[in-house]
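Note sheet for the following structure.
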Amino acid sequence: MSLTYTAGSLVAARGREWVVLPESAPDMLVLRPLGGSEDDIAAVFPTFEEVRPAEFAAPSPDDLGDQRAAGLLRTALRIGFRSGAGPFRSLASIAVEPRAYQLVPLLMALRQRTVRLLISDDVGIGKTVEAGLIAKELLAQGEATRLAVLCSPALAEQWQGELREKFGIDAELVLASTVSRLERNLELGQSLFDRHPFTIISTDFIKSTRHREDFVKHCPDLVIVDEAHTCVAADDPAQGGASSATNQLRYELLRKVSADADRHLLLLTATPHSGKESAFRNLLGLVRPELATLDLETPAGRAKLAEHFVARKRADVRDYLTKEDGLADDSLAERTAFPSDRWTKDEPYKLTPAYRALLDDAIAYAADRVSAAGEQGKREARIAWWSVIALLRSMVSSPAAAAQTLKTRSKSATARTAQEADALGAPVAADSADNDRLEGMDVAPGAAESEDAGARLLELAQRAEQLVGPAEDAKLKALTRHLKGLIADGYNPIVFCRYIPTADYLAEQLDGKLGKKTRIAAVTGTLSPQQRLERIEQLGAEEADDPAVRRVLIATDCLSEGVNLQHHFDAVVHYDLAWNPTRHDQREGRVDRYGQKRDQVRVITMYGEDNGIDGKVLEVLFKKHRQIKKDLGISVSVPDETASGVTDAVVEWLLLHGRQGSQESLFEMDGHQESFDRIEREWSSAAEREKTSRSKYAQRAIHPEEVAREVAAVRTALGGAEEVREFTLEALRDLDALIRDPRDGSGDFTAQVGGTPAGLRDALAATLGNRLVEEDRAIPFRTTPAIGRGEAALVRTDPAIGAIASYVLDSALDAKAQGPRPARRCGVVTTDAVSVRTTLLLVRYRFHLTLPSRTGERQVVAEDARLLAYEGLPQRARWLDDEAATALLGARATANTHELAARKAITRALEGQPGLADHLTEYGTRLAAELDASHRRVRKANEEIVRGLKVVPQEPADVLGVYVYLPPVAPAASTVSGAEA
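Using the numbering used here, read the sequence shown as starting at 2 and increasing by one per residue.
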């Protein structure tokens, strides 16, 4: 007859100890190895396999460790936890250590029965991590079972990597290029959204009628929408611009998705407002319909919005949980290493005489063409207009782009109407802030209006081709000088261009010109999104072999939004001036963000001071944009219509007056002053609205004190960064790794693990790469969680740290293990840190949690590790508080302990363990009550969620370690009285 085991109890089977999980039944036990992870869960049938009750074996007095044994074992144990008992079920199982401020959206989410949030934190703060935390937590708690991320196709692979590597969520890509393969494997009548529980979906692909209806019908219960501002349109079509039709399709999709009141929905965007009030209201209406009509001028309206909306700038979170946030002290203060203000410089260049003559002739041709077309009709006039803009933009970009454009037919030439010509030609001129319109926009446009370019255009093209190289291309020559300066100062720059021919031209011309240690690569729209990431990683890996290597990436705007480049690059050169300052913000935001190791990112903006275009665009758009950012402390997106209005005026004036005539101030241009005044007013008004909304809708739903309390609880249960660093250093040294610690204040160090035990080497190879371990290369261990390939982050959730901790724990529990064993389960230390005999216990508690949710109760077994300490002998124990017990880990031996005295002391402590059982049980009951209160506190706004919550300690607790601290024996005193005091 088989026994019935309760959840949380210990059993022995298959030669090891297991914890019984709640999913078990009398005829089938679902088991997790003691100290193991969810990946190690197994099912055992007692009818066919031997299963017996198990007790955790007591430590052996024959296996004594040194003064560091307790601390090493405790940290190894805590790093191994993957199912914490606190209210955040997922934090123990993710491979990223979130910043304290990133817990705010999570706390907001846990107070809602159905999670609906608009997360609008500034660029580079970490919205992906914040969304990932919420998703992982909802999945861990059973509040959600399936997940879909809607994003731009260019960002799909990056989302996939973030979810897999940081949160252990393996999502399938649903893109135009993958859907055929996915659908071939479906059963009859099955939806791919049912077949694959976790998906990352292209918003452009899913908005089509066929796929949209299938997605809505089988939509997961948790949806994340990236760049959500591109999925709503302003009610006024004039506000929406050219993208309003596309946005409307996405908006209709999201309206259907959000219509299910039980569906969790996270909307992410750094620009929720963008000066368009109706678009902002539509965005809020997706979160909750009632939010769209809230009176946000009233405190009650703003308080309601604050439950669903979080928007913070870097300045709000750079220093967090300090006395300035209302806390009593700075003990939990956290500084996030964002780069300081960008170092920016505008660098002019002047055309060579030959290039100047070519540009003058091109402008003369353009003026003639526009004039002639104006007499032929509206359609012809618009075709000519867009062809001329294409020609001029390519001319000031590079000889390669100019030659390509002059020989290529204009897209707008195929238009049948003036409106169609505008729709086809506008993307050439409008550097839209909408990143979904970046894909495919780096192709060099055409200027010819027929298949066969006219003789005049072909002659200009031949002249452009003769200007290739630094002798006649002053812009290229200036770039080479700027790059050499950046490289000499240790920077790794990205050079942003407008067109593919320009990027390829620069890569070819710069090859071998920037020093032997400089590697150059080009990434353009000719590569797929995945190939772009691979090429960047390839270039980034160059430094792994030689730290002196410098990297230069030549890129078009296919990389200006969404792709994270801060790990490999720290400077930006705008080779081609965009016609919208927001595009420059997007480019710079790829490197100036959280995880950037440089405190100062450098930005160089190149412009032609005598080409008739760049100087005016810089004067009107960029200087105004910078002034607003300086005055208000925030970056306000330039509406596409505003930027287009300015550049249209510049081109019109250039065609009328020529390059020389355009040197006067743009504000002195007859006929344009009124429109520029209007643009100035509209932009300033948008800036003021943005500033007001940032202040008015600031995150006030969660007070920093609430965050501090939960952060303190998490750190108590899981440990902090400094503890992990010390553990890793000590463990690797004890395991015979070769450590190089520069002690430069960074906390970083390197380790060669070729001399460590084979089991550890195999585990590290699986996480860091076989080649790195097999060739015994130096592995960088860094204090920042933002790391590159082949590096380890000194955080408890890093896979390499987990491998080290697992080895230390397993070898401590197995007294017969071969090779070095850094941690032991027993120890005796003589130290002046105590005045009487003091015993420290490392105790593992197991809890059976009943967690109510929308889908019913969820049964969970969780673990916690605690230090308990008492003075005197076990029979008359005087228990110390938690703080005093933890302080014992820092005690250092001040005298040698005789071997016989040590054995006597530890034997006495072990023999007295049964007498401590009542206190250990009482402590476990008290800890369960604290955990219960913590769960209720986090979900205090949702009574339905906490009703039925139970936390029950599983007895008996496991005593993993026993460590005796003896006071030094005074010269006149006997050793016996000292040991027994």
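The C-beta atom is built at its ideal place from N, Cα and C for all residues, glycine as well.
Here the structure is a predicted model, which means the values were calculated and not measured.
Legend entry - When A157, F168 and D615 are compared against A132, the one with the closest alpha-carbon: With distances taken between Cα atoms, A132 lies closest to F168.
Inset, instruction - Can you give me the start and stop residues for the beta strand (DSSP E) that D347 sits inside? - result: Counted as a single uninterrupted DSSP element, the beta strand (DSSP E) harbouring D347 occupies residues W344 to Y350.
Inset, instruction - Identify, in the order they occur along the chain, each residue of the same chain with its Cβ nearer than 6 Å to the Cβ of Q567, setting aside the five sequence neighbours on each side. - result: Once the five neighbours on either side are set aside, the close Cβ partners of Q567 are V592, R594, G596 and Q597.
Inset, instruction - Mind the definition here: the stretch 79 to 93 touches the stretch 709 to 721 only if three or more C-beta pairs lie below 8 Å; say whether that holds. - result: These segments touch.
Inset, instruction - Please name the residue in P548, L554 and K517 whose C-alpha comes closest to that of R533. - result: Comparing Cα-Cα distances from R533 to each of P548, L554 and K517, the minimum goes to L554.
Inset, instruction - May I have the straight-line CA-CA distance separating R147 from L140, to the nearest angstrom? - result: Rounded to whole angstroms, the separation of the alpha carbons of L140 and R147 is 8 Å.
Inset, instruction - Please check the pair D227 and V150, which I expect to be a contact at CB under 8 Å, by giving their CB distance rounded to whole angstroms. - result: The pair is a contact, with the Cβ atoms about 7 Å apart (cut-off 8 Å).
Inset, instruction - Hey, could you find the ends of the beta strand (DSSP E) S203 is sitting in? - result: Per DSSP, the unbroken beta strand (DSSP E) holding S203 starts and ends at F199 to S203.
Legend entry - Assigned secondary structure, V105 (DSSP; H/G/I helix, E/B strand, else coil): The DSSP-derived three-state label of V105 is helix.
Legend entry - D41 - DSSP class collapsed to helix/strand/coil: Helix.
Legend entry - Secondary structure of H585, DSSP reduced to three states: The three-state reading of DSSP puts H585 in helix, counting H, G and I together.
Inset, instruction - Report yes if the CB atom of T231 is closer than 9 Å to the CB atom of L119, and no otherwise. - result: In this structure, L119 does not lie closer than 9 Å to T231 by Cβ.
Legend entry - Spatially closest choice to A479 from Q191, R599, Q510 and G455, by CA coordinates: Measuring from the Cα of A479, the nearest candidate turns out to be Q510.
Legend entry - Among D745, P198 and A793, nearest to Q753 - alpha-carbon criterion: Taking only the C-alpha atoms, the option nearest Q753 is A793.
Legend entry - Cut-off 6 Å between Cβ atoms - residues of its own chain near A385, not counting five sequence neighbours on either side: Listed in chain order, the non-local C-beta contacts of A385 below 6 Å within the same chain comprise R370, V371 and A374, local neighbours out to five positions each way being set aside.
Legend entry - Closest Cα partner of S807 within the set A732, S854 and I788: In this structure, A732 is the residue among A732, S854 and I788 with its C-alpha nearest to the C-alpha of S807.
Inset, instruction - Measure the C-alpha to C-alpha separation of R15 and E50 and round it to an integer number of angstroms. - result: Annotation: R15 to E50 spans about 8 Å, alpha carbon to alpha carbon.
Legend entry - Validate contact between the stretch 112 to 129 and the stretch 756 to 775 using beta carbons, cut 8 Å, 3 pairs: The stretch 112 to 129 vs the stretch 756 to 775: no contact.
Inset, instruction - Could you work out which residue in C220, E166, L176 and H309 is closest to S192 when comparing CA atoms only? - result: Measuring from the Cα of S192, the nearest candidate turns out to be C220.
Inset, instruction - Check whether the Cβ of D171 sits closer than 8 Å to any heavy atom of the ligand GTP, and report yes or no. - result: The ligand GTP is absent from the structure shown, which contains no ligands of any kind.
Legend entry - Helix, strand or coil at H575 [DSSP, three-state]: Of the three classes helix, strand and coil, the one that applies to H575 here is strand, per DSSP.
Legend entry - Within the stretch 592 to 630, ranges of the alpha helix (DSSP H) (whole runs, at least 4 residues): Counting whole runs of 4 or more residues, the stretch 592 to 630 contains the alpha helix (DSSP H) stretches 615 to 618.
Legend entry - Sequence-distant residues of the same chain with beta carbon closer than 7 Å to S529, five excluded per side: Excluding its 5 nearest sequence neighbours in each direction, S529 has no C-beta neighbour in its own chain below 7 Å.
Legend entry - Simplified DSSP state of V553, which is helix, strand or coil: DSSP places V553 in strand when its eight states are reduced to three.
Inset, instruction - Tell whether a beta-carbon distance below 9 Å holds between M607 and P349. - result: Going by C-beta atoms, M607 is nearer than 9 Å to P349.
Inset, instruction - Could you tell me if Y966 is buried or exposed, where buried requires 16 or more neighbouring beta carbons within 10 angstroms of its beta carbon? - result: Classification of Y966: buried, given that the 10 Å Cβ count is 16 or more.
Legend entry - Nearest candidate by alpha-carbon position, reference L407, set P300, E214, V12 and A363: Answer by Cα proximity: A363.
Legend entry - Span separating the alpha-carbon of L285 from that of R256: If I take the Cα positions, the gap works out to 11 Å.
Inset, instruction - For L134, count neighbouring C-beta atoms within 10 Å of its own C-beta (all shown protein chains included) and say buried if the count is 16 or more, exposed if not. - result: Label assigned to L134: buried.
Inset, instruction - Identify whether T895 lies in helix, strand or coil by the three-state DSSP scheme. - result: In the displayed model, T895 falls within coil according to three-state DSSP, outside both helix and strand.
Legend entry - Within 9 Å, strictly: CB atoms of L540 and F497: Contact flag unset, no.
Inset, instruction - Spatial neighbours of P743 within its chain, please: CB distance less than 8 Å, with the 5 preceding and 5 following residues excluded, ordered by chain position. - result: Residues D749 and F750 of the same chain have their beta carbon placed closer than 8 Å to that of P743, with the five preceding and five following residues left out of the count.
Legend entry - Coil, strand or helix - M396 by DSSP: Residue state for M396 is assigned as helix, using DSSP reduced to three classes.
Inset, instruction - Output the distance between the C-alpha atoms of A136 and T200, rounded to the nearest integer angstrom. - result: Annotation: A136 to T200 spans about 13 Å, alpha carbon to alpha carbon.
Legend entry - Contacts around T345, its chain only, beta-carbon distance under 6 Å, and the 5 residues preceding and following it disregarded: Correct list, in chain order: V604.
Legend entry - T851, DSSP secondary structure in three states: DSSP places T851 in strand when its eight states are reduced to three.
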